[in-house]
Amino acid sequence: MLELKNVTKTFGGLTAVEKVDFIVRKDSISGLIGPNGAGKTTIFNLITGIYKVTGGEIIFKGIPIQNLEPHRIAGMGITRTFQNIRLFKKLSVYDNILTACHRNAGYNLMESVLRLGRYKKEERNLRQDTEDLMEIMGLSKWRDHTAHSLPYGLQRRLEIARALAVKPELLLLDEPAAGMNPDETLQLMNLIREIRDRFKCTIFIIEHHMDLVMGICENIMVLNFGRKLIEGPPEMVQRDPQVIEAYLGEGAKLGA
Amino acid sequence: MDWFYIKGILILSGINLMAVLGLSLLTGFTGLFSFGHAGFMAIGAYTAATMGIKLGLPLIPSLLIGGLISGVISLFIGKLTLNLKGDYFCIATLGFGEAIRLILDNVQYFGGARGWPGIPLKIDLWNVAIINVVGILILINLINSRHGRNMIAVREEELAAKTIGIDTFKHKMISLFISAVYAGIAGGMVGYYTGFLQPKMFSMNKSTELTIIVIFGGIGSISGSVLGTLLLTALPEILRAFALWRLVAYGAAVIFIMISRPEGLMGGKEITLKGFIRLLNIRKRSGKAAEG
Amino acid sequence: MLKVENLHVYYGGIHALKGIDISVEKGEIVTIIGANGAGKSTLLNTISGLVRSREGRIIFKGSLLRPVPHHIVMKGICQVPEGRLVFANLTVKDNLLLGAYLRKDKKGIKKDLEKVYELFPRLAERQKQLAGTLSGGEQQMLAMGRGLMSDPELMLLDEPSLGLAPILVDTIFAVIQDIKKIGKTILLVEQNAYKALSTADRAYVLEQGKIVKAGKAADLIEDPTIQESYLGQKAEAGDRKSEVGF
Amino acid sequence: GQKQEAAKEEQKTQEAPKEEAKQETAGDVVKVGWIGSLTGDQAVWGQCEFNTVKMLVEEINAQGGLLGKKLEAVGYDTRGDAMEAVNAVRRLTSQDKVVTIIGPNASGQAIPISTVLEEMKVPDIATVATNPKVTVVDGKTKPFNFRVCFIDPYQGAVAAGYAADVLKFKKAAVLYDVADDYSQGLTEFFIKTFTEKGGEIVAKEAFKSGDTDFRPQLSKIKTANPDIIFMPYFFKEVALSANQARELGINAVLMGGDGWPSEVLLEMAKDAVNGSYFVNHVDFDDPAVQDFKNRYMKKYDRKVELNGYLAHDAFLMFVDAVKRANSFDPVAIRDALETTKIQGITGNIKIGKDTHNPEGKEAAIIKIVDGKYVFQQKYAPSN
Amino acid sequence: MIQFLQQMINGLSIGSVYALMAVGYSLVYSIMNFSNFAHGGIIMLGAYFGFFFLTLFNWPFAVAFLGAAICAAALAVLVERVAYKPLRMRNAPFLYFIISAMGASMFIENFVIATIGPTFKTYPAVFSREPFRLGPLFIGRLDTMMFVISAICLAALIYFIDFTKMGKAIQATAFNPRASALMGINTDLIVITVFAIGGFLAGIAGVLFGMKYTVYPQIGFITIKSFIAAVFGGLGSLPGAVIGSVILGILETLISGYFSSQFRDLISFSLLIIILVFRPIGLMGKSTEEKA
Ligand SMILES: Nc1ncnc2c1ncn2[C@@H]1O[C@H](COP(=O)(O)OP(=O)(O)OP(=O)(O)O)[C@@H](O)[C@H]1O
Ligand SMILES: Nc1ncnc2c1ncn2[C@@H]1O[C@H](COP(=O)(O)OP(=O)(O)OP(=O)(O)O)[C@@H](O)[C@H]1O
Ligand SMILES: [Mg+2]
Ligand SMILES: [Mg+2]
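Chains as they are written, first to last, in the numbering used here: chain A, 1 to 256; chain B, 257 to 548; chain C, 549 to 794; chain D, 795 to 1177; chain E, 1178 to 1469.
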């Protein structure tokens, strides 16, 4: 579904991502791990068009997308959450999601200004969609709270809900479990599985919580210094000595 | 207070309000700060007056054409400048506003800096009120549609807006266009109200005055803009008697509101019928509670 | 050394802390665990003066703390805030030097700088880079390093392992042990409750703005309710979880 | 002194509503309106005008009033803004019920107020609004607008005529303020007359209100090597540009209009403007104006600006019209104003019925010699 | 050729006038991230202080100069305390600061009109007006002085900001006051310092302008140009402010010298916009590209 071909990104003299090849298969949950500063977030930024690639191609459903505007890429069905949460801080939970639902309505400017029939019908649907999403994501209770006053964990959840409102085919999650305790992480893990099944979307995760990554990812790419270290199923990645040395550390080795 | 005088203030408020509403969309809802809106007013004013005098069009079509031309020009400006951030955009719009004024100063066809008298007087309280009501309704509808929400998203967090598929540039453009149309219509009304146009009327002071009103009323609130306009247009009139001290008091009032209610008068909230009823209910309930 | 008495904090109408009492003794590592939104960050922010309390007292080394952040830093309390808050517009090195803003001993500063670079070699590599362009984990290292540079008596750490690669999580906790060894006191807030409890001497459990449990860290780690709600272990599905990654 | 004045102002306005109520019943106080800039960048002139009007009102009251009634001056600030001027006039005519309005000092405000005047049927005598369109638009005379000053075309023609015919200059340069109506007006008519008289305009350069540096333009003018530079704008800019011209080694004679006369000009650019000419409404040394000059100085402890003289004469016109109409009815005053024929301190004022301008009012040509304003002659352009 | 050289000299001296204002202005911007529109007002007050010290108290020039700068610094701090601090305490967005600044600027200007009066005051002749002559070229004395003073101020400021601990603390506070407080930085003191320096520079500029242009309540109006220059050079960058000023000065001069003085601002604004289109952060602005 998504293919990175020889993707490279440099910042001035610094090469953040170097010749990375990777394929995300449809309906899979894939993982991206690697030490801090390995270039993981940068890869997400490249996929979503926030950064322009220095070299290589990114192909989504057969179409090269590396030079498209971010909103175009989102329009094609790729959306994401951010490592540093970027909600519409001053809006309520409800409005955050409702705003993101915009793509599911087609009425134009004239129709909205004059409140024509299509506006009313579609707007009703949007609002229903929003309610449904809040329900699924367990946010109904927080409906009227402004986003910035939510606790950290809920903000992350809201970010996912907002991304889902776009009805993505590919969902990129950048450290969704950061700041959650193990119990919450476990819940999140189930939630992600549920999302995959329910929304029929492919998921690509960056995460440092190994429980989560190893627990739900079918295929994992390990990045180190911008280069791909290895790629494979969790069991294999977990035991790889290079990965242990560069990323997991001795503690994990003992445990394994 | 004499009705004739009050009427004058109301008409002036109405004219200001139209421009403020447009700017409210741009600044309040889309988060773009313009110092050049007087320029759009000027374009609308001179176009509308031309339509009326040279082509003999009636008021409303003249105003609409004035607004439209102003909007079309805003598209060119927007194309060039909307990618700029914060103060850079400000400066670009400031430059635009001053440039428009300078052009008008030099165009002798419209009387240059000496002004253009003899524009027919067609504005009265009624047509100002109707134009404003329509303007407000359109704006409310817009804000409560996906387009309006997208603009707010651009204001709140542009990057996130992009990643949920909002064409931020396009929405900034729409917002600028509409606000320029509103400003253009307001400008047209200035001409038809005073019967006289002069580039001086559309100086940077006018632009900053509009911005002050928008922020004063509260960002992201239409009722705030309405309230702000009424108050800030009436305030100098109320203070008129203070002569020399009038603008000192005005400046102090602006600072006072900003520091005591930093989110402006309304601050993102709207006066709605529902809210009003809720307020009444709370009163009733607390009244009952007090009884009980 | 630090004593918090009957602390109440409000955000507008939200009652975030509802009468907190805790104490930290010199040379101890004390940890506070709790779910999202329990009020852990609020507690640390109140101690460091960023948030004002409505009621209650905070006593440090026998004297009442004035709620002014730079005074509190001067007294020897330093917070490493949640979400890093590095100075994005300054270089890595400048960030670290700002950590030592109130220190006068040039030599000591230089020595500590070397020490931080030793702990986090990645920072040494990126000395000249603007902090804003560092990766998330790199920023976390920087925030930690910056805290160390102020050479405090009491360090308040708010989720220092957030967003760090497992290998670095180990490093961070090792660093925390090191800091303790040189006689510093630490108040640690962590989501990674297992690691936190393994490192700490004592612990408090915060739930919805109230302390619901307190005790020796070693005891709490064995406590089944704690295990269930904070260590991610359903009683049956026992040990597997804690083995991997943490 | 000013503070107290302002305080007095405040007091007065607090009492105003009460007074108004009294007037309705007793009717022994008649109000005269004034508008102009008390704040903003035109405040210098506005304040002087209003002071003059207040002083004259006091003097009349001290002498027992007019037609047996006491006068009261009500003045409002316009910030130099057209819309504000409209509102101020609305308030003066409806709420304060003034019988006549004096001011404003700028055409940009004088033109738009006429609709209100006509609606409320109250006459206005503008002080230094020099645009012809203040009183006549498209050949139609505005019934309620009058003025005491001469108009731009006239002043421009006087300057050009004097330069060409009397001073015999052939090559003129013009530096003007492109954003100012007054400056554009004078420029237009200066150029017109000067070229008609066979002179040549060798350079026409512009600046914009608010500018403080004119050297780029002056450097360009210098290369055109004119005999005379026409500077139709206000004294601050005149002083700056004159100084800068001399700094650049320009020796041409400078000439200007009624924006020039001021103490500041001489203080700032005494040497630079030495030998320059300007067109004025009055000869400052004319015995006729000395009395007023002294009274103003005595009362306000500062020198009267040029606007004061014109406000003075506007007030004279008003008093004269009331006396002749023998009534305070605004329409009657208007009718009387149309046939005004008095001797003011700024000259003979004979209002033209079709123009509402003072007809044939001669201009005074003044030369600056060693830091003094030296009257040359009364001059009217011949053609 | 001589004409061209003379025009370059003219441009440079206009540029140094802009630079003198732009530096103080840009300093406050770089810390507070908002355009301090009250800066013009402080410049004006500085000019008045200098004037009164020289004429009423008959102080020697150097003392009056320093005294004016110190008083201006104190006033700038006062403005900060009254109009900005309450906003700072609430982390209000930059828009509110700008509006408060506009209020303050209106207040200051009209306060002076109401108390001191609107009339122009002329500085006593401290220096000879006789320009230096370089063959056929003329160079103003005061201009040379301004040029040298702006250069010195700039150098001192850059040293202070980039090479001292306090400077770093200022930058840190600019970025995140909360985090800076945790470093033990007294953020309030930092802000006061910044405003005091900004005010001091404004005082210096004020006295120099007063000598050059007389003193009057609207003298601060020229700051608009320096604001534009600062944006042009890249906001927040002190060298950028100076380079922007000089370029703007020379640009204006060349346009009025060789194209058209009527349309000078039109052309220079258009160029400004075009440059911003290609360099959206000004000539030397720091890239504010966020990392997602
Ligand atoms: N805009 C930028 N300018 C310069 N360098 C950058 C920029 N963005 C990222 N980098 C650098 O690129 C490298 C990769 O950063 P990235 O954010 O992709 O790391 P990451 O793998 O997501 O790490 P983490 O797990 O800590 O979030 C880092 O060294 C970072 O400093
Ligand atoms: N600035 C604020 N305004 C309003 N409410 C706030 C604010 N900051 C925190 N809160 C609320 O206070 C409560 C405690 O928040 P706090 O950040 O202290 O929790 P926490 O325990 O640190 O959570 P996390 O593990 O997510 O960091 C939460 O309900 C939160 O929504
Ligand atoms: Mg990352
Ligand atoms: Mg927290």
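Think of the CB as a built atom: it goes at the ideal place given N, C-alpha and C, for glycine as much as any other residue.
Since we're looking at a predicted model, the values are computed, not measured.
Please report the residue range of the alpha helix (DSSP H) in which residue i lies.
{"i": "residue 942 of chain D", "result": "That residue, residue 942 of chain D, is in no alpha helix (DSSP H); it is neither H nor E in DSSP."}
{"i": "residue 1286 of chain E", "result": "1271–1292"}
{"i": "residue 1320 of chain E", "result": "1318–1340"}
{"i": "residue 1018 of chain D", "result": "1009–1018"}
{"i": "residue 259 of chain B", "result": "259–279"}
{"i": "residue 660 of chain C", "result": "654–667"}
If we ignore side chains and look at the alpha-carbon of each, how far apart do residue i and residue j end up?
{"i": "residue 521 of chain B", "j": "residue 1068 of chain D", "result": "57 Å"}
{"i": "residue 583 of chain C", "j": "residue 559 of chain C", "result": "18 Å"}
{"i": "residue 464 of chain B", "j": "residue 470 of chain B", "result": "10 Å"}
{"i": "residue 915 of chain D", "j": "residue 1124 of chain D", "result": "7 Å"}
{"i": "residue 819 of chain D", "j": "residue 270 of chain B", "result": "Low confidence applies to residue 819 of chain D: its pLDDT is 39, below 50, so where it sits in the model is not reliable, and the reading given next is rough at best. Looking at the two C-alpha atoms, the distance is approximately 36 Å."}
{"i": "residue 999 of chain D", "j": "residue 1042 of chain D", "result": "16 Å"}
{"i": "residue 981 of chain D", "j": "residue 1073 of chain D", "result": "13 Å"}
{"i": "residue 127 of chain A", "j": "residue 143 of chain A", "result": "12 Å"}
{"i": "residue 648 of chain C", "j": "residue 674 of chain C", "result": "19 Å"}
{"i": "residue 81 of chain A", "j": "residue 708 of chain C", "result": "22 Å"}
{"i": "residue 1174 of chain D", "j": "residue 955 of chain D", "result": "8 Å"}
{"i": "residue 1234 of chain E", "j": "residue 564 of chain C", "result": "59 Å"}
{"i": "residue 1178 of chain E", "j": "residue 1409 of chain E", "result": "28 Å"}
{"i": "residue 729 of chain C", "j": "residue 554 of chain C", "result": "31 Å"}
{"i": "residue 1307 of chain E", "j": "residue 1171 of chain D", "result": "34 Å"}
{"i": "residue 1367 of chain E", "j": "residue 1196 of chain E", "result": "24 Å"}
{"i": "residue 483 of chain B", "j": "residue 293 of chain B", "result": "20 Å"}
Starting from residue i and walking both ways along the beta strand (DSSP E), at which residues does that stretch end?
{"i": "residue 626 of chain C", "result": "625–628"}
{"i": "residue 762 of chain C", "result": "758–764"}
{"i": "residue 117 of chain A", "result": "First-last for residue 117 of chain A: 117–136, but that is the alpha helix (DSSP H), not the beta strand (DSSP E)."}
{"i": "residue 828 of chain D", "result": "823–830"}
{"i": "residue 553 of chain C", "result": "550–559"}
Between residue i and ligand 5, is the CB less than 7 Å from at least one heavy atom?
{"i": "residue 480 of chain B", "result": "In the structure on display, ligand 5 does not appear, and the ligands it does have are ligand 1, ligand 2, ligand 3 and ligand 4."}
message: Is it the case that the segment 112–123 of chain A contacts the segment 388–403 of chain B, given that we only count it when at least three CB pairs across the two stretches are under 8 Å?
response: In the pairwise beta carbon analysis, the segment 388–403 of chain B is classified as touching the segment 112–123 of chain A: at least three pairs are separated by under 8 Å.
message: Give me the pocket residues for ligand 1, defined as CB within less than 5 Å of any heavy atom, sorted by chain position.
response: Here the list is A/11, A/16, A/36, A/37, A/38, A/39, A/40, A/41, A/42, C/681, C/682, C/683, C/684, C/685 and E/1468.
- prompt: Any residues in the segment 1047–1071 of chain D with a beta carbon nearer than 7 Å to a beta carbon of chain E? Which ones, in chain order?
  reply: Under the 7 Å Cβ criterion, the segment 1047–1071 of chain D contributes 1058, 1061 and 1062.
Validate contact between the segment 1284–1296 of chain E and the segment 492–508 of chain B using beta carbons, cut 8 Å, 3 pairs: Counting C-beta pairs with one atom in each stretch, the segment 1284–1296 of chain E and the segment 492–508 of chain B have three or more that are closer than 8 Å, which means they touch.
query: Okay, do the segment 978–990 of chain D and the segment 1005–1014 of chain D touch, 3+ Cβ pairs below 8 Å being the bar?
result: Taking a cut-off of 8 Å on C-beta distances, the segment 978–990 of chain D does not touch the segment 1005–1014 of chain D, as fewer than three cross pairs fall below it.
query: Are at least three pairs of beta-carbons, each pair with one atom in the segment 890–901 of chain D and one in the segment 820–836 of chain D, less than 8 Å apart?
result: The segment 890–901 of chain D, when compared against the segment 820–836 of chain D, does touch it at the 8 Å Cβ threshold.
field: Residues from the segment 1413–1439 of chain E in contact with chain D, defined by Cβ distance under 9 Å
entry: The residues in question are 1426, 1429, 1430, 1431, 1432, 1433, 1434, 1435, 1437, 1438 and 1439.
- prompt: If we count Cβ pairs, one from each stretch, closer than 8 Å, do we get three or more for the segment 614–631 of chain C versus the segment 1316–1327 of chain E?
  reply: The way I'd put it, the segment 614–631 of chain C doesn't touch the segment 1316–1327 of chain E; fewer than three beta-carbon pairs between them come closer than 8 Å.
query: Listed in chain order, which residues of the segment 79–92 of chain A have Cβ atoms closer than 8 Å to some Cβ of chain B?
result: Listed in sequence order: 79, 80, 82, 86, 87, 88, 89, 90 and 91.
Against chain E: residues of the segment 710–727 of chain C by CB proximity under 9 Å: Here the close residues number zero.
query: Between the segment 641–658 of chain C and the segment 1367–1381 of chain E, do three or more beta carbon pairs fall short of 8 Å?
result: Between the segment 641–658 of chain C and the segment 1367–1381 of chain E there are fewer than three inter-stretch CB-CB distances shorter than 8 Å, so the stretches are not counted as touching.
message: Does the contact criterion of 3 or more C-beta pairs under 8 Å hold for the segment 176–186 of chain A versus the segment 2–10 of chain A?
response: Short answer: they don't touch.
message: Which residues of the segment 124–152 of chain A have a Cβ closer than 8 Å to any Cβ of chain C? Give them in chain order.
response: Listed by position along the chain: 149, 150, 151 and 152.
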